[in-house]
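Structure first, then comments.
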Amino acid sequence: MNQERVFSLRNPWFTVSVGGTIAIAVVGILIGFIWLPSASNAFGDRSLWATICSAAGAPSSWYGGANLAGPAPSDVVVLPPLRRARADANSIGRGATIATQNCSMCHGVLGTSQVTAPALAGQYADVVYKELRDYQNGVRQNAIMQPIIAARSDQDLHDLAAYYASLPRAPAAQTLPTGVEPDANAVKLAMQGDPQRNIAPCAACHGQLDRKGAAPWLGGQSSIYLAAQMRAFASGARHNDINEQMRNVARQMTPAEIDSVAKYYAAMQ
Amino acid sequence: MFHAKRLVLAHFWLAFIAFLIALLLGAWQMLVRSPFLPWVGDPELYYRSVTAHGSVMAYVMPTLVSMGFGYAIVELALAQRLVGLKWAWAAFIMLAVGAVMAMVPVALGQASVLYTFYPPMIGSPFYYLGVVLVVVGSWIWVALMHVNLRVWKRANPGKPVPLAMFANVAGAYLWAWTAVGAALEILFQILPVAFGLTNTIDAGLSRILFSWTLHAIVYFWLIPAYIAYYTLVPRAIGGRLYSDSMARVSFILFLVFAMPIGIHHLFADPQVGSGFKFLHAVFTGMVSVPTLLTVFTICASVEIAGRLRGGKGAFGWLTALPWQNPMMLVIAFSFVMLGLGGAGGLINMSYQLNSTVHNTQWVTGHFHLIFGGAIVIMYFAIAYELWPQLTGRAIASVKLVRTQLWLWFIGMMVVTLPWHYVGLLGAPRRMAYYDYNALGLQSQAFWVGMSAVGGLILVASGVLFIYILVKSQFGPLVQQQSFRFASAVQPVDRVPAALNSFGLWVALMIGLTVVNYSVPIVQLLRLPQTSVPAVVVGAQR
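In the order they appear, the protein sequences are chains A and B. Quick note on our numbering: the first sequence kicks off at 369 and runs consecutively. Quick note on our numbering: the second sequence kicks off at 755 and runs consecutively.
Right under this line is the structure:
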C-alpha cells in the first residue's frame, strides 16, 4: 500500500477528485460571472470583460454620490477617541483663560448649569469642539455664539474643548423630590425609544452606562435648554446633525414628550 | 491504557462549566426580550450577555470538547500514549487563561462587540487577545494531533489509520486553516486599532476575513459529533458501521468543501462581487453532500442494528431498535434536528432565497438548531460514553440521562421552531428590544413567549447534565471495561492511500480557498479609501 502514490495521474482518487473539483469551480465561475450577470439588467449592456469584472466586485465605474442635493449639514464629524485622551495641561490652561474671559457670562465660571446655555463642565472634548466649529462655520446659528467664536483659531477651539472636558461634572440641574420616580414615559423613550414611530432610544447614541458614538452627554443640562434644542431640531432651525439623526427623532416627538425627556435628563448627573 | 485521563477530564469540565454559564445567559436573554418579563432597561446589558454567550459557545466550549475528545481518541483508537502531554497541558492553560481574559472585559462592558467582532466596532484589546490565546492554544492541539498520527504511522506502516483518528485529524487540519482568517482579521485589522496605533479600519475586508473562519468553524464544531455518529453510535446500539470508506470520504469532503464557502454569510454585503457570492453558494451546496452521505451511512448502520436484533420487513427494524439505550435516543434526536436545520441551511445558502431570511430570527433559529441541537446533544453523548473511561465509574442513572436528552431535544425544538417562524414574519435578529404592543408585532408575541419557555427547558436539561456528570464522578468505582469503537461491516484491512492520508485533500482545501478568496481580498486591499473610523465600544461616560 505504501507503493500507491496519491499525487499521480494514474491514481483515480487523484484524477477524479482534482478533476471534479476543478469542473465544479469552472461551471460555477461560468454561471456566476458570465451567465447570471448577462441575464440581469443591473449589469447593463457591457462588454464581456466588464461584466466579469463587475461580477468580481471591481466595476469599471463606482457610484459617485451624485444625487445628494444642497450643502452638507456640517463639515465636521467627530468620533469618541479610542483611548481616554489625556489632555495636555497647557492646552487646558489656555482654554481656561479664553473661557474665563469670553464664555463664563453665559456658561458659568465652572461651566456648570445655566438656564439657556448648556452646562459644559465634563462634556466630551470632541463634542464641544464640533459645536464650536459648527458655530464658526455658521451651520449652527446663534446670535451670541457666532460673533464670540468667529475670530478664534482652531487651536483655541481645541483648548476650550480640553478645558471644559477637564472640569468635573456638576450635580443634577433639577433634582426630583425624594421618593418621586422619573416619568415612566420619559424613561421608556430614553432607554427603548418607540420603534413603531421611528424614535430610537436616546441612550443608543447619548449613552447610559457608557459612552456611545459622538453625541453629547445630556445629564445635568437644564430642561429648558434641552427642550429648546429638541424643538429647534424638530423645526429644522438647528440642523448640524449630519444624517438628520436628531431631527428625525425630534420631529416624531410630541411637545409633552420633549418636555418629559428634557426633565428626565436634567435630573440626572 | 488511558494515561491522559486527567487532561481530558480537565478539558471537558472547563468546557461544560463555561457551557452552563453561557446557557444561563442565553435563557436570560430570551426571557428579557420576551413578553413575559419587563424589559431589562438598558440594551447595553443585553449585548454584554450576547457577547459572552456567543464567545463561550462558539470559541471556548466546542474547542475544548474537540481537543479533549481528540486526546481521548489518540489513546483509545491508536492505543498509544499521547505524545506531548506537557504541551497539551500548556495548551489547556492557554485556553483557560484566554477564556477568562476575554470574558472580563465583556463583563465590564468594554467589549460588547458580539463574538463575530463586527468592525468598525472596537472593544478592549484584552477581549481579542483572549480569543487569540484560545485559538493559539488550539493550534498546539492541531500540532499534537499531527505529531501523534505520524508517530503511529511510523510504528504501523501500511496499516489503515483508525477511522476515529482519521476524522479527528481531518478536523484538526480544517481548524488550523480556517482559523487563519479570523487570526488575520484580529492581527492586521482589529488589534492595531484596539491598541490605538491607527484609528480607521477596513470593515468590509475584515468581514471577508472573518467569513473565511465563520463557516468552516461550524464544521470544526461538527466533526466531534460526526465522529460519534460513525464510531460510537453503531457499537453502542449493537450494530455495525455500514461503510468505513464512506465515512472517510465524508470527512474528506468536509475538509475540502467547508472552507471556500464563507461568503454565503455576506450575501447582503456590498463589498463582495455577485460572482463570488454565487461561487460560494455553489460550494456551500457541495458541503451538504458529506452530510447526506452521513445520514445514509448512519441510517444504514442503525438498520443493521435493528435487523441484528430481529427486526423484519421494511419498517419492522425500527421498532426492534434499542430505544431505551441513550445512544439510540441521541442519534434519533440529533438526526431530526440535523434534518430540519440542514433543510433550513439550504434555504440560507441559496443566493436568492437568502434575501428573505437574511438577518432575521430565522438565522438564529437555524444555527441553534444545528449547533445547539444536533451537535451539542452529541457532545453530551460523547461525555456520557467517555465518563466511565475517564472516571472509572459508571454513569449514575441511565434514566436520568434519557430525561436529560429528551429535555434538550424538546427544549431546542421549542426554542428554534418559533424563531424560524417569527423570522419569516420579519423579526430581526440581534435586537435587544421588541415592542410587542405594536400592531405589527402582536402576532409574534405568543411565539416569542413560547421559545422563551424552551430556553427554560434547556436550562433544566443543562443543569441535569452537569448533575449527572458530578454524581457519576463521585459514584462507586467499577470494574474498568476496555473501550471499543464501532467496527465496520467489512473488516478494514486495507484502504486506498488517498483515504489514509491528507496531502491531496489539504492541497485541494488550500487551492479552493485561493480560488474563492484571493480576488475579493486582494481587490479590497488595493482599493483606496475603504477604511472607516473605528467606533469605540465601552468608552467611559
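We treat Cβ as the ideally placed atom computed from N, Cα and C, and that holds for glycine.
- Ranked by Cα distance from Thr-817(B), the first of Val-1224(B), Gly-958(B), Arg-904(B), Ala-930(B) is Ala-930(B).
- Neighbours of Asp-796(B) in chain A, taken as residues whose beta carbon is under 8 Å from its own, are Met-559, Ala-571, Gln-576, Leu-577 in chain order.
- With a contact defined as Cβ atoms closer than 8 Å, Asn-1108(B) and Phe-1021(B) qualify at about 5 Å.
- Residues of chain A with a Cβ closer than 7 Å to the Cβ of Asp-998(B) do not exist; the shortest Cβ-Cβ separation is about 15 Å.
- At a cut-off of 8 Å, the C-beta of Val-386(A) has a neighbouring C-beta in chain B.
- With its beta carbon less than 8 Å from one in chain A, Arg-1295(B) belongs to the interface.
- Contact between Val-851(B) and Leu-887(B) holds: their C-beta atoms lie close to 6 Å from each other, under 8 Å.
- The shortest C-alpha to C-alpha distance from Pro-1245(B) to any of Leu-951(B), Thr-1110(B), Asp-998(B), Leu-763(B) is the one to Asp-998(B).
- Burial state of Ser-820(B) is buried, judged by a 10 Å Cβ sphere holding 16 or more other Cβ atoms.
- Using a Cβ-Cβ cut-off of 8 Å, Trp-1077(B) does not count as an interface residue toward chain A, since no Cβ of chain A sits closer than that to its own.
- The alpha-carbon of Ala-605(A) is positioned some 12 Å away from that of Pro-441(A).
- Under the Cβ criterion (8 Å, minimum of three pairs), the region 450-470 of chain A counts as touching the region 520-531 of chain A.
- Annotation: Ala-552(A) to Gly-581(A) spans about 25 Å, alpha carbon to alpha carbon.
- Judged by beta-carbon spacing, Ala-933(B) lies within the 8 Å limit of Thr-967(B), meaning their Cβ atoms are closer than that value.
- Excluding residues up to 5 positions away in sequence, Val-794, Ala-1186 lie with their Cβ nearer than 6 Å to the Cβ of Tyr-800(B) in the same chain.
- For Phe-1050(B), the enclosing alpha helix (DSSP H) starts and ends at 1042-1062.
- In this structure, DSSP gives Asp-456(A) a state outside helix and strand, which the three-state scheme calls coil.
- Leu-761(B) and Trp-843(B) do touch by the CB rule: their CB atoms are close to 6 Å apart, below 8 Å.
- Between Ile-567(A) and Thr-1048(B), the alpha-carbon positions lie close to 50 Å from each other.
- Minimum Cα-Cα distance from Pro-946(B) among the listed residues Phe-756(B), Ile-876(B), Trp-895(B) corresponds to Ile-876(B).
- From the listed residues Met-1081(B), Trp-1116(B), Ser-1088(B), Ile-894(B), the smallest Cα separation to Gly-1098(B) is found for Trp-1116(B).
- Of the residues Tyr-1271(B), Arg-961(B), Val-1056(B), Pro-1024(B), the one whose Cα lies closest to the Cα of Phe-1089(B) is Val-1056(B).
- Between Val-1249(B) and Arg-908(B), the C-beta gap is not smaller than 8 Å, which leaves the two residues out of contact.
- Rounded to the nearest angstrom, the gap between the Cα atoms of His-969(B) and Val-1202(B) is 27 Å.
- Within chain A, no residue has its CB atom less than 7 Å from the CB of Gln-834(B), the nearest being about 20 Å off.
- Between Trp-381(A) and chain B, the shortest Cβ-Cβ separation is below 8 Å.
- Residues of the region 598-615 of chain A that bring their beta carbon within less than 9 Å of a beta carbon in chain B are absent altogether.
- Leu-1092(B) is positioned such that its CB atom lies closer than 8 Å to that of Ile-1124(B).
- Look at the region 1242-1257 of chain B: the residues with a C-beta under 9 Å from a C-beta of chain A are Arg-1248, Val-1249, Pro-1250, Ala-1251, Ala-1252, Leu-1253, Asn-1254, Ser-1255, Gly-1257.
- Residues Phe-382 of the same chain have their beta carbon placed closer than 8 Å to that of Ser-376(A), with the five preceding and five following residues left out of the count.
- Against Asn-953(B), the close residues of chain A are Leu-450, in the order they occur along the chain (beta-carbon pairs closer than 7 Å).
- If you compare the alpha carbons of Glu-612(A), Ala-635(A), Asn-510(A) with that of Gly-587(A), the shortest gap goes to Ala-635(A).
- If you check the CB distance, Ala-1192(B) and Gln-564(A) come in under 8 Å.
- Distances from the alpha-carbon of Ala-772(B) to those of Gly-1165(B), Arg-802(B), Ala-806(B), Phe-790(B) put Ala-806(B) closest.
- For Pro-545(A), there is no enclosing alpha helix (DSSP H), as DSSP marks it with neither H nor E.
- In the structure shown, the three-state DSSP call for Ala-1261(B) is helix.
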